[in-house]
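A.B. asks:
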Amino acid sequence: MSSPTPPRYKMIEEFLLTRIRNGDYPVNHQIPPEEQLARDFSVSRMTANKAINNLVQQGYLVRQAGLGTFVTDLRAESSLQEVMNIAEEVRARGHQYSNDVLRSEAVAADDEVALRLGLRIGSPVFHSILVHRENGLPIQLEDRYVNPRWVPHYLASDFSRQTPNEVLVANCPISDIEHVVEAIHADAQTARWLEIEPGAACLCMVRRTWSSENLVSYVRLTHPGERYKLRSTTRHR
0 MSSPTPPRYK MIEEFLLTRI RNGDYPVNHQ IPPEEQLARD FSVSRMTANK AINNLVQQGY
60 LVRQAGLGTF VTDLRAESSL QEVMNIAEEV RARGHQYSND VLRSEAVAAD DEVALRLGLR
120 IGSPVFHSIL VHRENGLPIQ LEDRYVNPRW VPHYLASDFS RQTPNEVLVA NCPISDIEHV
180 VEAIHADAQT ARWLEIEPGA ACLCMVRRTW SSENLVSYVR LTHPGERYKL RSTTRHR
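For the sequence shown, counting from 1, position 101 maps to 100 in numbering that gives the first Met the number 0; every step adds exactly one.
1) What distance in whole Å lies between the Cβ atoms of Ile-11 and Ala-47, which are believed to be in contact at a cut-off of 8 Å?
2) Just to confirm the assignment: which complete beta strand (DSSP E) runs, minimum length 3, are found wholly within the region 149 to 195?
3) In three-state terms, what does DSSP make of Ile-138?
4) Tell me which residues share the same chain as Ala-50 and place their Cβ nearer than 6 Å to its Cβ, disregarding the 5 neighbours each side in the sequence.
5) Following the continuous beta strand (DSSP E) through Ile-208, name the residue where it begins and the one where it ends.
6) Tell me whether Val-42 is buried or exposed, calling it buried when 16 or more other Cβ atoms sit within 10 Å of its Cβ.
7) My output table needs one value for Val-26: the three-state DSSP class, helix, strand or coil.
8) What is the DSSP secondary structure of Pro-5, counted as helix, strand or coil?
9) Please identify the residue among Ser-103, Ile-138, Glu-133 whose C-alpha is closest to the C-alpha of His-126.
10) Cβ of Tyr-217 within 7 Å of Cβ of Tyr-144?
11) Just to confirm the assignment: which complete alpha helix (DSSP H) runs, minimum length 4, are found wholly within the region 77 to 135?
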């Protein structure tokens with residue numbers, strides 16, 4: 000008995016994924032528009048749109064209004080599934096949490112931020128930088144960009160009382176997350192903020208978060224390697 004033919008939108012997904020994975024469509028490459036995919040696969044634009052939306056939600060593609068759809072960094076293969084509030088983590092260990100708010104401002108999105116948030120270059124975004132402390136010692140540098148469309152009062156928040164994570168969760172319940180984890184060496188500014196030596200080993204987590212289909216936030220979380228341990232649990236069924 001022959002296996003059933005996959006839905007047409009799945010065929011388009013596989014077509015695009017194959018080209019992303021084999022390098023035909025590298026990062027920042029613009030994929031064919033919906034109209035062309037619809038013609039090539041003899042389907043409606045709605046079907047082509049569904050395939051693209053699925054890959055956007057999975058983190059393979061990002062839309063830029065008025066420009067098209069582009070390949071973004073592939074999702075990291077990681078079992079990290081929760082967006083934890085660092086204040087709760089610190090307090091759960093019986094320690095004292097505090098933070099320093101270094102920046103809280105509206106800025107124009109540069110090319111990287113625009114790509115990560117699916118916006119036009121130059122679009123207004125909210126930018127915050129905080130240092131999170133455990134018993135007075137810096138354990139995380141949070142460099143976050145937020146789409147103001149989804150959290151319009153973000154900059155009015157008192158981050159000394161409510162962390163950016165708590166603000167986002169309160170305004171936009173998180174439905175999807177993407178993590179990319181990498182080892183880096185601290186540059187001079189990062190070292191100064193984290194009170195470590197320049198060039199010290201750090202763990203950097205790049206995270207994007209969605210609420211429903213809306214890409215809300217892009218953040219870089221940098222931790223001193225000697226002060227932070229990342230734990231991940233995978234459940235086998």
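Just so it is clear, CB atoms sit at the ideal spot from N, CA and C, and this is done for glycine as well.
C.D. replies: Based on what the coordinates show:
1) The residue labelled residue 47 in the question sits at position 48 within the sequence shown. The residue labelled residue 11 in the question sits at position 12 within the sequence shown. That belief holds up - the Cβ atoms of Ala-47 and Ile-11 are roughly 6 Å apart, short of 8 Å.
2) 175 to 184
3) Residue mapping note: residue 138 aligns to position 139 of the sequence shown, counting from 1. If DSSP states are grouped into helix, strand and coil, Ile-138 belongs with the strands.
4) Mapped onto the sequence shown, residue 50 falls at position 51. Excluding positions up to five away in sequence, the list reads Tyr-8, Ile-11, Glu-12.
5) Residue 208 sits at position 209 when you count from the first residue of the sequence shown. One detail in the question is off: residue 208 reads as Thr in this sequence, not Ile. Element bounds for Thr-208: 200 to 210.
6) Along the sequence shown, read from residue 1 onward, the residue named residue 42 stands at position 43. It counts as buried.
7) Here residue 26 refers to the residue found at position 27 when the sequence shown is read from its first residue. It is coil, neither helix nor strand.
8) Locating residue 5 in the sequence shown gives position 6, counting from the first residue. In this structure, DSSP gives Pro-5 a state outside helix and strand, which the three-state scheme calls coil.
9) For the purposes of this step, residue 126 is taken as residue 127 along the sequence shown, with counting starting at 1. For His-126, the nearest C-alpha among the options comes from Ser-103.
10) Position 218 of the sequence shown, counted from the first residue, corresponds to residue 217. Position 145 of the sequence shown, counted from the first residue, corresponds to residue 144. Against a cut-off of 7 Å, the Cβ pair of Tyr-144 and Tyr-217 comes out as a contact.
11) Annotation note: the region 77 to 135 contains the following uninterrupted alpha helix (DSSP H) runs of length 4 or greater, listed N- to C-terminal: 85 to 91, 110 to 116.
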